[in-house]
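Engineer: The following block contains the structure, expressed as C-alpha cells.
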Amino acid sequence: TSVNHMGYTVLGIAAAGALVSGHSAERALALTGATVEMVAHGLITGALFLMSGSLWARAGSYEIGDFGGLARRTPALTGAAVVAAFASLGLPGLAGFVAEFQIFAGTFAVYPGLAAIALLGIVITAALFLQLVQRIFLGALPDRWTSWSELRPVEIGSLAALLLLVVLIGVAPAWLLRVIDTAVTPLVAR
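Read in the numbering used here, the sequence shown has 55 at position 55, and its numbers run on one by one without any break.
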C-alpha cells in the first residue's frame with residue numbers, strides 16, 4: 001500500500017506542477033492533498049506496522065494463512081486493524097479520504113486521464129485490505145490460538161494515539177489544511 005499511497009502523492013505533485021494556464025486553485029488543492037497524504041500515510045502505516053509487530057510477537061509468523069478468527073480473542077487489535085484498513089483505502093471520515101479526495105479533485109482538472117486510471121488503485125487497495133481483515137480476524141479460530149493474548153496497554157496506547165490523529169484529520173481537517181495551504185498556495189502561484 002505504500003507504493004499506492006506514494007503514487008497518489010506523486011500524482012498530486014505532478015498535477016501541482018502542471019504547465020497549464022489557469023487551474024491554480026486545483027493545482028494547489030492537489031499539492032495540499034499530496035502533503036496530507038504523506039501525513040496520513042505515516043500515521044496509518046505506523047499503526048499497521050505496530051499491529052504487524054503485535055501479531056509477530058504473539059505468533060512468530062507473518063503468514064496470513066496462519067491466522068483466522070482473532071476477532072474473538074483480540075477485539076482491540078481487530079478494531080484498530082479495521083480503522084487502519086479503512087483509513088488506508090480512503091473511507092470518508094478518516095485521514096486517507098481527506099488526502100485522496102483533494103488529490104483527485106485537483107488532478108482531474110489538469111490530468112483527467114491519469115486521475116481516472118489512478119482511481120483503480122482505490123479499488124485494488126479496498127479489495128486487498130478487506131481480504132486481509134477477513135483472513136486474519138474473521139472465520140474459524142485455529143486451535144493453536146485459543147490462548148491468544150489481547151494487546152498490552154502500551155500497544156493500545158500507541159495505536160490509540162496514531163488512530164486518534166487519523167480520525168481527527170478525517171473529521172476535522174481544517175487545522176491541518178490551513179497550515180499546509182499557507183505553504184502550498186505561494187508555490188503553485190509561481
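Built from N, CA and C at the ideal position, the CB exists for glycine as well.
None of these values were measured; they are calculated from a predicted model.
Pick from Met6, Glu155, Ala25: whose alpha carbon is nearest that of alanine 40?
Structural biologist: By one-based count along the sequence shown, residue 40 stands at place 40. Comparing Cα-Cα distances from alanine 40 to each of Met6, Glu155, Ala25, the minimum goes to Met6.
Engineer: What's the C-alpha gap between glycine 68 and arginine 58?
Structural biologist: For the purposes of this step, residue 68 is taken as residue 68 along the sequence shown, with counting starting at 1. For the purposes of this step, residue 58 is taken as residue 58 along the sequence shown, with counting starting at 1. So the two alpha carbons sit approximately 14 Å from each other.
Engineer: If alanine 16 sits next to valine 188, beta carbons under 8 Å apart, how far is it from one beta carbon to the other, in whole angstroms?
Structural biologist: Translated into the one-based positions of the sequence shown, residue 16 becomes position 16. Translated into the one-based positions of the sequence shown, residue 188 becomes position 188. At roughly 5 Å, the Cβ-Cβ gap stays under 8 Å, so alanine 16 and valine 188 are in contact.
Engineer: Using CA coordinates, which residue listed in Glu26, Ile44, Val3 is at the minimum distance from alanine 160?
Structural biologist: For this step, residue 160 is matched to residue 160 along the sequence shown. Nearest option by C-alpha distance: Ile44.
Engineer: Judging by CA-CA distance, which residue of Phe97, Leu94, Ala115 is the nearest neighbour of phenylalanine 104?
Structural biologist: Sequence index remark: in the sequence shown, residue 104 carries index 104 (1-based). Phenylalanine 104 has its Cα closest to that of Ala115, out of Phe97, Leu94, Ala115.
Engineer: Which runs of the beta strand (DSSP E), 3 residues or longer, sit entirely within the stretch 28 to 110?
Structural biologist: none
Engineer: Mind listing, in chain order, the continuous alpha helix (DSSP H) runs of no fewer than 4 residues lying wholly within the stretch 126 to 180?
Structural biologist: 153 to 171
Engineer: Among residues of its own chain, excluding the 5 on either side of leucine 31, which ones have a beta-carbon nearer than 8 Å to its beta-carbon?
Structural biologist: If you number the sequence shown from 1, residue 31 lands on position 31. These residues qualify, in order along the chain: Gly12, Ile13, Ala15, Ala16, Gly106, Val184, Leu187, Val188.
Engineer: Determine the burial state of arginine 152: buried for a count of at least 16 other Cβ atoms within 10 Å of its Cβ, exposed for fewer.
Structural biologist: As a working mapping, residue 152 is identified with position 152 in the sequence shown. It is exposed - the Cβ of arginine 152 has fewer than 16 other Cβ atoms within 10 Å.
Engineer: Quick check on valine 179: buried or exposed, where buried means 16 or more other Cβ atoms within 10 Å of its Cβ?
Structural biologist: The residue given as residue 179 occupies position 179 in the sequence shown. Under this definition valine 179 is an exposed residue.
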